[in-house]
Structure formats: C-alpha cells, structure tokens
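Chemist: Got a structure for you, questions after.
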Amino acid sequence: MSQSTVAVSELVKVFYDEARGEVRAVDGISFECQPGEIFGLLGANGAGKTTTLRMLATILQPTAGTASIMGHEVCAEPEEVRRSLGFYSASTALYPRLSARETLEFFARINGYPENRLAARVASVIERFGIGEYVQARVEKLSQGMKQKVSIARTVMHDPPVLIFDEPTVGLDVLNAIDMQKVIGEFREEGKTIVFSTHIMSEAEKLCDRIAIVHRGRIHATGTLASLREATGCHYLEDIFVHYVRQAEAA
Amino acid sequence: MVRWREVRILYLRELRAALREKMIVTNSIILPIVLYPFILWAMFTGIMFVQGQTEGFVSRIVIQGLPPAHAMLGRQIGRDDRIEVRKTALTQAEAERQIRDGDLDALVVFTAAPDQGQALPDNFAVTITSDAAKERSAGARDRLKGVIARHREAWLKRESGRLGVAPAAWQGFTIQERNIASSQQMGSFLMSLMLPLFFVIMVAMGCFYPAVDSTAGERERNTWETLMSLAASRGSIVTAKYLYVATMGCVAGLLNMAAMALSMKPILSPILAKTGETLDFSISPWAMLVGVLGAVLLAGFVAAGMMIFASFARTFKDGQSMITPFYMIVLMPILLVNGQGVKLSWAMAFIPVGNIALMVREALTGSFPWPQMAVTVVISLVLILASLRLATAILRFEDVVVGSYGGSLQRLVRDRLLGRSPKSTEVRT
Amino acid sequence: MNARWPVVRTLFTYELRQTLRDRRTLFMSIVLPLLVMPIMLFGSRKVEQVRERKLEETTFSVAVTGSQAGPARAVLEGMRARLARQGSKPDHLRFELVTKDDPLKALNAGEVNLVIEAVSAAEARQRAEREEREARSKRSDRREEGADRAEADPVEDGAPVLVLVSREDQVRSQRAAGRMIEALRETRRLSRGDLLAGHGFPVAMDKVAVISETSLASAGQVAGLTLGRLLTLLLLLFILSGGSVVATDTLAGEKERGTLETLLTTAVARGEIVAAKFLLILSVAIAITVIQAVNLLLYVGFKIIPTSEGFSAAVTPPIAALVLLLFLPVAALCSGVLLLVSGRAKTYKEAQMLFFPVFLLGMVPAVAPFLPGLRLRSAIVAVPVANIAVAVKEVLTGIFDWPMLAVAFLVTAGAAAWALLLAARTLSTERLITASDADATQHFGGPTLLGRQVLTWFAVIWALVLVTSTHGAEGADIRLQVLLNLVLIFGGATALIIRHYRLDPREALALRAPHPAAWVATVLGAPAALLSGVGLFLAANHVVPVPTKLLESFGESLMPDTIPFWQMVIFLCVMPGVFEEMTFRGVLLHGLSRRFRPVAAALAVGAVFGLFHFSLFRLVPTGYLGVVLAAVTMLTGSIFPAMLWHAINNLLGLGAAKLNVSLADLPWTYYATSALVLALCFYILWRTRRPYPGLRTGTGRRPGQEGR
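Chains as they are written, first to last, in our numbering: chain A, 5 to 255; chain B, 15 to 443; chain C, 13 to 720.
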C-alpha cells in the first residue's frame, strides 16, 4: 500500500523568545512513513526532533507546513489525529495515585475505546505486558521498570495504528532499555507505523528501518542504513551522522 | 556530631541560595515590608470611605403633627443640612412602604402626650418610624433622636428657669475629659494592639517556606543526595538548615515590625488630622532589644517545629500540607492573648508563643516586667531545646534522614520512639 | 468550546478519585482549617468575654483634686450611695475614692485609674483660652469643626467643672473614665428630675417629650444585616484558600509532573480537559461552602456561638436555600479564576505566587455590602461577586428584588464562563503547557527581566514613600518634602533601576524628540484633559453617587501660602513634571509595555501612579491623569510632551486654587468643549504618532524591530 500513514510536508515551527528573538526550531521538515516500519529521527539535543513530534501529536501548532496522520490533518482534525496516535515520551508521566489497572482503563476510555469491549482489552494488554502481578498497586509505588511497562501499555490501550516514541530509553537502565526496544520491535511486527526519535546511535542502528538525520531544524539525509552508508562511505552511523552535520554547518 | 566550621559553610550556602529564590525573598522580605502596611492602609482608607459615605448621606424624613409651640424644633431640623424634610402628605401605610423600599428614611409623628404627660402644656410624644435593617434609615433615626433630645434638654432648662431653679443648680456640674497619655504612649498603645499578632504571623510565614524548601524541596530537586554525600556530618547539615530557617523567620518578623512602626503614622494621619491629635510611633531602644529577643526565641521554636514536620515530606506540596497543622498550633495562643489590656502576668508567662507576643507588646508600651519576662525566656528556651531533642531523636533513624521513610511523624513517634510496634517498620527501597 | 459530556464525566471522575486519595493534603489544607478556624475564633471570643466580665467587676480607684474637690466628692459620694441602693447588678460602677498627694503622678504610675480635677467655671474658662492659644500657634488653621464642639457640656458659673483625667492608653483608666461619665450623667439627670419636682413641675421629667421608636425591620432582618455583610467575605476566604490547594495541583502541579502532557496527547479536546478540572475545583468549592454552612448552623444551633435573638429568624430554610443558590455563581467564578491562575503558572511554586494577589484582589468586591445605602438596583449589579454580596445582604434584610437578583446571578455566572474560556485558552498557549526548565529571561537578565520585576520594585518604592511622606512632615517645609520624594526617592530609584537592568537611558526614559505637532497638542490638551476629567466624574456622579470630597479633590492643591508663588511653580509643577514622568512614564511604562498591550499598559501605569497618592480621594483623578500621560508618551514616542503636560496640569490646579476658582462648579459647556478639544488633541497625536519602541501589538511582533 502506498498510502502513507504519516505524511509531513515542509513543517516549520517558529518560537518567539523574549531574550533571543525568533527561534526557528523546525525549519522545513518533510518525511513520510508506511505501516510496519520504524522511522527514526536522529539528532543532537535541540535539533528539533521533539518539536516535530509534538507537532505531530498536536501539542504544538505548526507555524507553516502540513502534517497528517492516517489522512487526518493535524491542524484541521486534531482529535482524530490523537485518536489514531499513541504518544510516548520520557516526560509523559503517569498519574501517581491511580492503580495500574485504573490507569489503563482511564486511557482506554478517554481515547474512545468502546465501553463494551473495554474489560477484555484491558485484560489482554495486562497479559501481553505481564503487569498482572502489580495491576492493583498505585503507580507511585511501582519501580522504574514497572512504570515503564504500564506507560507503554497505556500508550497502546486504544490500539492506535501510529505510534510516536520520543527518546523513550532516556534514563532507563540497560535491561529496561533492551526491553523497551524489544517491545517497539513487536509493534512493528504488528504492522504499526512507528516514528522514533533518539540521539543514541546504537539504538537507531538496531531498530530503525529508515533514518533521518536532523540538525538545526532540518533533515539533511533520509534513507535506510545501507543507503546512508553508500552515500557517505562511512560504516558506523556515528560517522555518517557527523558527516552530515559537518556538511550542514559548512553550508 | 556538629562541627561548627561546617555548619557555617553550609549555613551561608543556604542563605545565599535563599536570597536568589524568588518566593523566599518575596515571603520573607518583600511581603513583610509591603504587605501589612498596605493592608493597614487599605483597611483604614476603606473605613474612612465608608464612614464618609455614612455621614455624607442626607436623611430623608417626613414630619407630621409638629405642635406649633415647638416650631423651633422644626426649624432646627430644617437647618441641619444632613436632614432633608420632605413636604409631602403621606399616610402611615404609604410612609412605611417607602421606608421599606428605601425611598424614605424615617417618619416622625408628633402626638399629644399620653395621660400623665398632659399636665404639662405643650407636651408631646413623638414616634420615629424607621427600618433598623437599613443603614440610612437607622442613621436617620439616630440623628433625629439627637436633635429632638437636644431640643428637649433646652426646653426643660427653660422650664426650670421659669420655676426659679438657678442655672448653676440645673447644670449641677460640667463634665470634661482630658487624656494625659503622651503622644508617644498613645502611639505605643495603638501599635501594641496590632503588632504582636502580625509579628507572630510574620515570623511563622517567614519560616514556613524556607522550612519546606530546605527539606522537602531539596528532596524534590534531588539535591538531597548530593548533600548527603558531602564530607559534612549529618548533624552539621541539619543544624545549618535549622539556623537558616530560624534566620529567615527572625528577619521576616523584625522587618515587619519595622515596616509597621514606620507606616502607622502616614496611614493614620488623615484620621488624626480630624481630631487634631498627633501620635508618635517610635519604638524605644529597649523595646527594640526585646523585640529582637522575641523574634529570635519565636523563630527558634517555630523553625524547629516546622522542620520536624516537613522532614517527612518528599515533595514540596506534601511538605506544605504537613506543616499547616503546626502553623495553626502556633497561631492559636495568639488569639487567646490578643485582647485589649492583657498583660504579661504569671499565668500568661507560661503560655508558649503567647508569652513572647505579650512580652513584645509590653515592651512597646514601655513596661518591662523582668520576672515574667525571664519566665518567658526560660519557657521558650525549654521548648526550643525540647524540639531540638526530638529532632535529634528522629534523625537517629537513617532512613528518615535519607528520606526513604514512608510514613508520617505520628507513626514514627509511635513505632520507634515509644517502641509500641515490635517489628521495624517497612522501609522503602 | 466543544465538550462532550461523557468524556468530561470520565475525566472528572478520575480527577476526583485522585484528589480524594490524597487524603493528607485534603485534610490538612482544606478540612482542618475549616474546622479549626471557627473553634479558634469562638475560643478567643470566650476568653474575651471572661476578660470583659472581670473588667466590669473591677473597683476603680479614683482621686479627686482641685479647688472644688469638696463639692465634687459630695456628688460622688451621693452617686455611690444611689448606686448601692439600686442593688449590686453585675454591671454597675464600682469605685473607691482615694487621696493622693500628686494625683496626676499616681495616675501615670497606675496607682489610680482616674483623677477628677474639680475646678470652678472661671478656672475652666481660663484654661480653655490658654489651650486654644497654644493650639493656634502650633499649626495652621486646618482644623475642622468637630461636631463634638457643639455637644460639649456648657460651663455655668457656680457649677463646678469636673475634668476627668485618664490615660487613654491604659484599658482600666479608659474604662473608668467612660463608666464614670455615664454614671455622672445619670446622676445629673436624676437630680434634675428632683429639682423640677421640688419646684412644682407639673409632670415627671421622664414624661416630657417621650421619644418612642418603631422599627419596621424584624429582629431577624436586623441580624441579617450583620450576617449579610460578612457572609460573602467569609465564603470567599474559604473557597479561595481551600480551592487554591486543589487548583494548584490540578494544572500547575500536573505540568510539573508531566501528566498534563500525557493527557494532551489523548483524544480529549482542550475544552473538555478544562471543563473536567473546573468541575473538580467547583466540587471542592461547593463542598467547602456546605461544610461551612453546616459548621455555622451547628454552632448556632447548639448555642456555642452567642448570637442576637433575631438570628434564627433571619436564616429560615427558604432563605438559606436562596442564599446558597446565589452563592453558586460565586463558587463557579472563584473556581474559574483559580483554574485560570493555575493554568498560567508553569510550576507549583509559580502558581502559589500568583495566587497571592488574586486572593487579595478577590476580597475587594466582597466588601461592597459594607457600603451603606448601596442597593442592588444600581450600577453595582454589573460587578460580579460584589453584586451577589449586596444581593445576599438584601435578601437577609428582607428585600427581594427578584429581577435584580436574577441579573446579579447571570452577571456573575457570565463572568465565571468567561474565566473558563480564558482558562481553556491557557491550555492552547504553548509556552504554558509544559514546565520549561528555566525561564530564558532569568538567564539573560537585562531589559527583558524588567518587565517581570518592575511592579515589585514599585511596590517597595510605594512602601518607602508611604513611610517618608508624613514622618516629620508636620511643619516641615514642603520644598524639603518635594526634594526628598521626587529627587531622592523617585530620581534615585529610576537611576538604580536603569543601572541594575543595564538599560539604555534613552530607550528606557524615551528621551526622544517628538513630532512638532505634539507640542501644540500638549499645550491644548493639558487644560482640556483636566477639565474634561472633572466633567467626566461629575457625569458619573449622576449614575453612581460619588463622595463630594472626590469631586473637590480635582484641581485641589494643598499648599500653604507661605512661600512665594514662583517657588511653588518650581516645586509643585516643574519638578513633579520632570521626576514623576521619568519614573512613571519612563521606567515603569518601559517595563510594563513589554508585558502588556498598549491599552492595558496605560491603565496599569495610571493605576500605579494613582496609588502613589495615598489619599483615596486623590487616587482617581491622579489615576486618570496617569493614564492620559501614558497614552501621550506612547503616542509621541517621547517623554517630553508628557512632562510638559504634567507641569501645565499642576500649574492650572495651582492657579485655580490661588484664584479660588472651583473647577467642579463650571457650566457644563466648559466640560463639553474641553472634551472635544481633548479629542482633537489626541487625534493630532494619533496622526503624528511616532513609535514607542518595544510596544507589544497583538501578534507579538515588535514594530520597533523592523527598523534594525
């Protein structure tokens, strides 16, 4: 199917900062994604990855350009966009005083999951992620790894076709990070479209089908790891990245 | 173990950080200076405005049946430019309706005097109908009563003269008043009415935020662990924090006292201009010293209490809600001792917090009851030492210091200090 | 704002669940104060009563002195005998006569409570004359005629004058004097009755000109007056303090925790989020109201709080229900405002800081019922909260103006809806959604920081001016005062601010040349503004009665006539024109214009300027002038026209006072013409306007930057 589930075209975001004046955080970003692929945005801190993803999630309004998820425009139909989307970021926290089960139920409900199938859905998600043991415990009492599982679970509670992960392994220990990567891979196998941002080279190498190098609000190269290797002549993603950054700075 | 060199370094750091924190500066420095003078100003201006409004209102009245013999009274009422006499004919019912609706303020009906009174020619009885639930109407009633009463007095005096009573005998004696309190004493008196209450509130407010911030706030910011990993001893760290909180409370209290003393005069002078009095709001040096002493003792106690309560909180918000009950405990004695004319007696000297407020109040009015003051100091010191003792006892438990204790103060006291629960309480990992 | 009810209900349920689970915060910050406050108040009342009773039962010690001490003692002994005959009631005056060598010293030392100096009429008159001479030499003739003068006891030859000397700063002495006066008056009244009877007066004295009163208000309604005044104020206090705890947590707290972002990525609309949180705060507000009401009823019902007899009559169930109904929009408005404030804050602490002024300002409308004669059927019905406060007072005093009650309800409810809309908008304002780590401006400092902090600076300057303005002011030279205030404080503060924020003085003080036409407009506009301002307030007087003092203060100048006119011109016209403009239309306007849009900035500058003139009655005309001057500065891009305008304005006021012309008594044509002239001047200024750099326009783009 050539219908892109995620289509971004010339997206621009300008912030107005009192001290620095105009800041073009995102300066014309375009890309498209298909179902069953993990598309990675790779860049340093402040490159504009998070801002781009936030615009996709309709948290921020684009200054110019268009973006659509499952055919819904982010500006025109923000709710439909959010309904088709699962957004996970290290800063999107859980409610401390709800239990794990209540959290899952809540997110299913407000994302519009039909009430009559809710209980079954919650049960299946609990089983899939193995949260059965502590499903009654309050979130504030869970360990980091448990919270992470519940977080992922709530992201996909309403079974969205598109998933966005903004630096998901930041702050996780090695084992939990590996777990996270495994789960993301599973989502890809299920045919979901995954947009993934990171600044960790090894992660991008491992997970992404296609990678976009982001620097100073622009994408400087897009492609599979193989094609990028060919284009730059470097083997390691790190070198590839530095190559493009240098090129961008020289321009 | 408390090493004073470490304490000094830590203490200075806390102070420096505090002075850069907007909220602490606002609560402990700016608010004491600006807020209470502002409130006083707003209150007095408001009261004056309302009074001006009340006095400014013209009373609309209707007079019926004024006996011709007392036409003078009618003229007197008419001459008073705060009373407007309406010349309309109204029935009782109509007048009452208008009064209820607020279109008329009072109805004055003169009738013949009842039986015994009729022996006096030209005697009358008068009924004033008004609505006590309306300020204007009640005001009209009072004004009319005043005018009629004065007329009555004059009439009686004339009658007495006619009957041969000498004016001196009728007058009997003249009453005059004189106040020999100096303007300094009056000023001190007025200050002493309000200052102690605000003083305690300000010290408590000055301690509140730093106490939460230096315990729960540090945990929230994750700087607590950094602190724990320093070469300084736990005792030094806690002592430094305690001194810091007490300093902020003390400063807040003293600044407020100064601001209030300085701003009373300009605020009250428009009111005083009317009576022609001058008031002097200066604080004598001895009173200042007592004030400083009071601030130190009070801040010492309040800081200790607040820190104990706050040390069980893990977030800022929790810290605030944990301290609130202690805050109220501190304020309660004030309401008991805040009445007029309460002195620092032996009984009062034993009430914590209240005794300090009373001591400061007495000092402001220039009275220094040394024995009772000594008792106050002793009681306060005892309280401070007791709190510090409690604090050290609590801090023996490492999990409390480290911040991993999951319960509350009550549970800790019950389980560990009183040893009721046999097993050690669960500790969060 | 689209909101689907089922979604809102789901959100609300979960929010409520979470709040209820935070038992500690709920209890400590909301329930506990609610329960404890009444206990504390009641407790202090009780203690107060005990103290009162003790005071009533004191036996005061009184010393009598003076040339007429003998007759005075006789009177007092007679009085004491009479009191004793009347039996020992709890509140009758008890005193003992003592002899002291130096009674005044004893009074000062506290050994006696009251000294009665009994002198002859002649002596009293001599003393009065002497005191009058002293008073007149000490100050100018600014003393008002006190009403007491007319009420003073007449001095009659042959009747001793009893001067009750007390120390008003000692409670006992004060009380002794007060009770003694009452008792003496009563004694005199009785002896007059005896005199009349003894000389053959036909009737008993108390049957002469008997005054009786009929009150149309029931006891319940009278009690309702007191209750009605206080109720709204108390309610606001509790709702704002309790509700703020929940409000802070539900928006600002969530921003900090990061859960707001999570919520924003779900299929819920912004409006629905706001609605759900609003309902949460509203529930808390209503719960607080109900708890307080129950509290109050319990205390009254069990007679724990002593109340006047009419109280229970005032609060019948239908009336209580009506009052509760009227309070609903107030609770809604408070909740909306709390939510709005929390929405504008990025962190928990910031929200708390913002709440403070909201608190104080929120109490102001609740004071409306204290104004006498203010009826609901007046302009007040358009002011939210104030209208409900007045409505509740009226209802409790038996007035049921149904149409106005409905209007008040709708106005306040409308205000609540508007607050909600604004709150919803904060969720769309991107910079407010997530807690950014640090404010960029805090790092860079400089002029951008000024906008945030300028009001704090002015608050401190205000306090400073308040303190210095009347200390040592009596008799102090007005010129010295001007030098101190204007040059030292204002000038010093301006210089300090410019230095601290590293401002460019030319920018900050708008030291630019204006368009030549601006000068013409200034010279014409200053008198026009003055007169039209007076006219404006005279007109407003017809709609909302304004105290006459307010009108008089226009063009009022309180200057003594001891210094030459040319000096007055310098100190009262030129110097204020320069220094006050530099401070207010210079630094203050510069700072505020970065934060607010032009209209709001002008109003803010005017308000602050007005507040610096501490008398309430000068506040409004000064504020009006402040707004006009700010507008002039922004239109001309320069501070100089404003300086001239200010100087001319003061000069006119001075001149009018000198020539004894009252600006408030002119024919209406003057005001109308001046309004037209003023409009013309502003038109000229508008057409020839020069940019005021840094001015905010609606889109956030800065016009000044294009030129760079």
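Where is the CB? At the ideal position from N, CA and C, for every residue including glycine. Just so you know, these numbers come straight off a predicted model, no measurement behind them.
1) Leaving out five residues before and five after C:ARG106 in sequence, what residues of the same chain have Cβ atoms less than 6 Å from its Cβ?
2) Can you find a C-beta in chain C that's less than 8 Å from the C-beta of A:ASN115?
3) For the stretch 339-358 of chain B, list every residue whose C-beta sits within 9 Å of some C-beta in chain C, in sequence order.
4) Hey, which unbroken runs of the alpha helix (DSSP H) at 4 residues or more fall wholly within the stretch 328-366 of chain C?
5) To the nearest angstrom, report how far apart B:GLY201 and C:TYR695 are at their CA atoms.
6) Using the rule of at least 16 other Cβ atoms within 10 Å of the residue's Cβ for burial, across every protein chain shown, is A:GLY25 buried or exposed?
7) Measure from the C-beta of C:ASP113 to each C-beta in chain B and report whether the shortest distance is under 8 Å.
8) Are the C-beta of C:LEU11 and some C-beta of chain B separated by less than 8 Å?
9) Please confirm whether B:LEU402 has its beta-carbon closer than 8 Å to some beta-carbon of chain C.
10) How about the stretch 226-234 of chain B and the stretch 232-241 of chain A: do they share at least three Cβ pairs that are nearer than 8 Å?
11) DSSP state of A:THR70, grouped into three classes?
12) Between the stretch 297-305 of chain C and the stretch 120-132 of chain A, are three or more C-beta pairs nearer than 8 Å?
13) Measuring CB atoms only, is the stretch 44-54 of chain A touching the stretch 132-140 of chain A, in the sense that at least three cross pairs come out at less than 8 Å?
14) So with Cβ pairs under 8 Å, would you call B:ASP145 a contact of chain C?
15) Check each candidate in B:GLY160, B:ASN137 and B:ASP119 and name the one with the smallest Cα separation from B:THR143.
16) Using a Cβ-Cβ distance under 8 Å, would C:ASP169 count as near chain B?
17) Taking 8 Å as the CB-CB cut-off, is C:GLY283 touching chain A?
18) What residues in the stretch 259-284 of chain C have a beta carbon less than 7 Å from any beta carbon of chain A?
19) Could you confirm whether any beta carbon from chain A is found closer than 8 Å to the beta carbon of C:ARG65?
20) Residues in its own chain within less than 6 Å of C:LEU650 by CB, not counting five upstream and five downstream?
21) From what residue to what residue does the alpha helix (DSSP H) around C:THR681 run?
22) Comparing C-alpha positions only, which one of B:SER174, B:MET62, B:MET205 and B:ILE348 sits nearest to C:ASP206?
23) Going along chain C, which residues have a C-beta under 7 Å from A:TYR99?
24) B:ALA146 to C:VAL546, Cα distance in whole Å?
25) Measure the alpha-carbon distance for A:LYS151 versus B:MET346 and round it to whole angstroms.
26) Using a Cβ-Cβ cut-off of less than 7 Å, list which residues of the stretch 380-413 of chain C approach chain B; keep chain order.
27) Report the rounded CA-to-CA distance for B:LEU303 versus B:THR329, giving the unit in angstroms.
28) Of all the CB atoms in chain A, is at least one closer than 8 Å to the CB of C:GLY487?
29) Tell me which residues share the same chain as C:LEU208 and place their Cβ nearer than 6 Å to its Cβ, disregarding the 5 neighbours each side in the sequence.
30) Using CA atoms only, rank isn't needed, just tell me which of C:ILE510, C:ALA130, C:VAL393 and C:ASP413 is closest to C:GLN80.
31) Starting from the beta carbon of A:ARG125, find every residue of chain C whose beta carbon is closer than 9 Å, and list them in chain order.
32) Hey, does A:GLU83 have any beta-carbon neighbour from chain C nearer than 8 Å?
33) Under a CB-based cut-off of 8 Å, is C:PRO26 close to chain A?
34) Using 8 Å as the limit for Cβ to Cβ distance, is C:SER440 near chain B?
35) Have a look at C:VAL296 and C:LEU247 and give me their C-alpha separation to the nearest angstrom.
36) Can you tell me where the alpha helix (DSSP H) with B:GLY368 in it begins and where it stops?
Modeler: With the structure as the only source:
1) Residue mapping note: residue 106 of chain C aligns to position 94 of the third sequence, counting from 1. Within the same chain, C:ARG106 has close Cβ partners THR71.
2) The sequence position of residue 115 of chain A within the first sequence is 111, counting from 1. Closer than 8 Å to some Cβ of chain C, the Cβ of A:ASN115 qualifies, so yes.
3) Going along the stretch 339-358 of chain B in chain order, one finds PRO339, MET342, LEU345, MET346, ILE348, LEU349, LEU350, VAL351, ASN352, GLY353, GLN354, GLY355 and VAL356 with a Cβ nearer than 9 Å to chain C.
4) 329-356
5) For the purposes of this step, residue 201 of chain B is taken as residue 187 along the second sequence, with counting starting at 1. For the purposes of this step, residue 695 of chain C is taken as residue 683 along the third sequence, with counting starting at 1. Distance between the alpha carbons of B:GLY201 and C:TYR695 is about 54 Å.
6) Along the first sequence, one-based indexing puts residue 25 of chain A at 21. Here A:GLY25 is exposed: its Cβ has fewer than 16 other Cβ atoms, across all protein chains shown, within 10 Å.
7) Within the third sequence, residue 113 of chain C is the residue found at index 101, counting from 1. So no, C:ASP113 is outside the interface.
8) As shown, chain C starts at 13 and ends at 720. That puts residue 11 of chain C outside it, with no answer to give.
9) As a first step, residue 402 of chain B must be located in the second sequence, where it is residue number 388. Chain C, which has no Cβ nearer than 8 Å to the Cβ of B:LEU402, makes this no.
10) no
11) Here residue 70 of chain A refers to the residue found at position 66 when the first sequence is read from its first residue. In this structure, A:THR70 counts as strand in the three-state DSSP scheme.
12) no
13) no
14) What you label residue 145 of chain B is simply residue 131 of the second sequence in a count that begins at 1. For B:ASP145, the nearest CB of chain C lies under 8 Å from its own CB, placing it at the interface with that chain.
15) Counted from its first residue, the second sequence places residue 143 of chain B at position 129. Closest by alpha carbon: B:ASP119.
16) Position 157 of the third sequence, counted from the start, is the residue given in the question as residue 169 of chain C. So yes, C:ASP169 belongs to the interface.
17) As a first step, residue 283 of chain C must be located in the third sequence, where it is residue number 271. C:GLY283 does not count as touching chain A.
18) ARG269, GLY270, THR271, GLU273, THR274, LEU276, THR277, THR278, ALA279, VAL280 and ALA281
19) As a working mapping, residue 65 of chain C is identified with position 53 in the third sequence. Not closer than 8 Å to any Cβ of chain A, the Cβ of C:ARG65 fails to qualify, so no.
20) The residue you call residue 650 of chain C lines up with position 638 of the third sequence. Per the sequence shown, the amino acid found at residue 650 of chain C is Ser instead of Leu. Correct list, in chain order: ALA522, ARG524 and PRO526.
21) Counted from its first residue, the third sequence places residue 681 of chain C at position 669. Taken as a continuous stretch (DSSP letters only), the alpha helix (DSSP H) holding C:THR681 covers 680-699.
22) The count along the third sequence starts at 1 and reaches residue 206 of chain C at position 194. It is B:SER174.
23) Here the question's residue 99 of chain A lines up with position 95 in the first sequence. By Cβ distance, chain C contributes GLN30 and THR271.
24) Position 132 of the second sequence, counting from 1, holds the residue named residue 146 of chain B. Position 534 of the third sequence, counting from 1, holds the residue named residue 546 of chain C. About 37 Å.
25) Along the first sequence, one-based indexing puts residue 151 of chain A at 147. Along the second sequence, one-based indexing puts residue 346 of chain B at 332. Near 44 Å, if we compare the C-alpha coordinates of B:MET346 and A:LYS151.
26) Answer in chain order: PHE382, LEU383, PRO384, GLY385, ARG387, THR409 and GLY410.
27) Looking up residue 303 of chain B in the second sequence gives position 289. Looking up residue 329 of chain B in the second sequence gives position 315. Looking at the two C-alpha atoms, the distance is approximately 38 Å.
28) Your numbering for residue 487 of chain C matches position 475 in the third sequence. Reliability of the predicted coordinates at C:GLY487 is poor, the pLDDT of 48 falling under 50, and the value obtained from them is presented with this limitation in mind. False, the Cβ-Cβ gap to chain A never drops below 8 Å.
29) To locate residue 208 of chain C, count along the third sequence from 1; it is residue 196. Excluding residues within five positions, the ones whose Cβ falls inside 6 Å are MET217.
30) Residue numbering aside, residue 80 of chain C sits at position 68 when the third sequence is read from its first letter. The residue with the shortest Cα to Cα distance from C:GLN80 is C:ALA130.
31) Locating residue 125 of chain A in the first sequence gives position 121, where the first residue counts as 1. By Cβ distance, chain C contributes nothing, its closest Cβ being about 15 Å from A:ARG125, past 9 Å.
32) Counted from its first residue, the first sequence places residue 83 of chain A at position 79. Closer than 8 Å: yes.
33) Against the third sequence, residue 26 of chain C aligns to sequence position 14. According to the sequence as given, residue 26 of chain C is Tyr; it is not Pro. It does; some Cβ of chain A falls within 8 Å.
34) The count along the third sequence starts at 1 and reaches residue 440 of chain C at position 428. Chain B contact via Cβ: absent.
35) Residue 296 of chain C sits at position 284 when you count from the first residue of the third sequence. Residue 247 of chain C sits at position 235 when you count from the first residue of the third sequence. Those two C-alpha atoms are separated by around 13 Å.
36) Along the second sequence, read from residue 1 onward, the residue named residue 368 of chain B stands at position 354. In the DSSP assignment, B:GLY368 falls within the unbroken alpha helix (DSSP H) covering 368-378.
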